[in-house]
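Under the numbering used here, the residues of the sequence shown are numbered 353 to 578, in order. To start, the structure under review is shown below, and the notes come after it.
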Amino acid sequence: MGVKENFLSIQERIRHACEKTGREPEAVNVVAVTKYVSLERTREALHAGIRHIGENRVEGGAEKRDAFPDRGTWHFIGSLQSRKVKRMIGRFDYLHSLDRLSLAKEIQKRSEGPEPLKCFVQVNVSGEESKAGISPDETMAFIQSLREYPAVQVVGLMTMAPAVDNPEDVRPYFSKLRELRDEVEKRNYPHAPCRELSMGMSGDFEVAVEEGATFVRIGSALVGTS
Ligand SMILES: *Cc1c(COP(=O)(O)O)cnc(C)c1O
């Protein structure tokens with residue numbers, strides 16, 4: 353399927369999920385995760401009117417980003433090693449996987465301009481050992497300590513739900529992330545406006561939208577896997 357057709361059908365499904373829950377579809381941003389696909393397919397996504405592109409590796413991701421200097425808003429969605437921050441900074445507009453202070457410290461050190469990097473704090477809501485992220489109980493304290501790194505701006509929270517057959521099974525994780533987001537947002541920290549929720553992938557984005565996602569990260573259902 354062409355990216356355009358996939359995008360239209362995903363937008364339709366998002367509209368429907370929004371209708372069910374009284375949300376505005378404009379509040380949901382689709383990030384096309386191009387980690388599996390070629391430069392050509394990424395170009396097709398940008399031509400289809402998709403503005404947000406997500407990559408999970410600095411290698412490959414950086415080259416793709418450099419191939420489209422004036423196009424798109426770029427999201428780094430994978431786990432990020434501190435030594436790769438230098439290549440990531442300046443190329444990507446958002447980081448979805450801030451999960452430790454040492455990473456914030458490195459971002460501070462490598463930061464180039466006056467604009468902070470827009471970051472999502474990754475929260476391990478499900479508690480699976482295989483998943484990265486701060487535990488929900490420690491999230492508030494973690495965000496408070498990020499105040500020391502003005503190069504980091506906490507725009508929201510991100511989570512990866514467990515892989516399940518029935519997307520309804522992950523609804524509690526998404527609603528838990530939303531509750532946490534609400535708690536942080538209420539504090540009005542200048543360094544952490546924390547209004548966004550990055551959650552939902554190909555298999556569960558409708559449930560994520562119903563639970564308040566403002567960024568869904570969609571790979572296989574949108575651009576495919578090869
Ligand atoms: C690969 C990936 C996605 C997209 O996964 P699909 O199931 O193909 O939609 C979303 N988020 C992260 C962090 C990923 O690594």
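Using N, Cα and C, we set each Cβ at its ideal position, and we do this for glycine too. The model shown is predicted, which means the values in this text are computed figures rather than measured ones.
Option nearest residue i by Cα separation, candidates the options
i: Val507; options: Tyr446, Ser478, Gly406 and Ala369; result: Tyr446
i: Leu509; options: Pro519, Glu520, Glu537 and Val516; result: Glu537
i: Phe494; options: Phe444, Val383, Leu455 and His427; result: Leu455
i: Asp489; options: Arg533, Arg569 and Asp521; result: Arg533
i: Met440; options: Ile486, Trp426 and Tyr525; result: Trp426
i: Val477; options: Asp451, Lys461 and Pro466; result: Asp451
i: Ala419; options: Lys528, Val437, Gln496 and Glu392; result: Glu392
i: Gly430; options: Glu411, Ser527 and Gly401; result: Glu411
i: Met512; options: Pro502, Val568 and Gln496; result: Val568
Beta-carbon gap between residue i and residue j smaller than 8 Å
i: Thr566; j: Ala379; result: yes
i: Glu548; j: Pro519; result: no
i: Lys372; j: Glu562; result: yes
i: Pro377; j: Arg365; result: no
i: Ala573; j: Ser550; result: no
i: Leu453; j: Gly424; result: no
Residue i (DSSP reduced to helix, strand or coil)
i: Ile495; result: helix
i: Gln474; result: strand
i: Ser554; result: coil
i: Met440; result: helix
i: Glu481; result: coil
Problem - Pocket of ligand 1 (residues with CB nearer than 5 Å to any heavy atom), chain order - result: Val385, Asn408, Ile429, Met553, Ser554, Arg569, Ile570, Gly571 and Ser572
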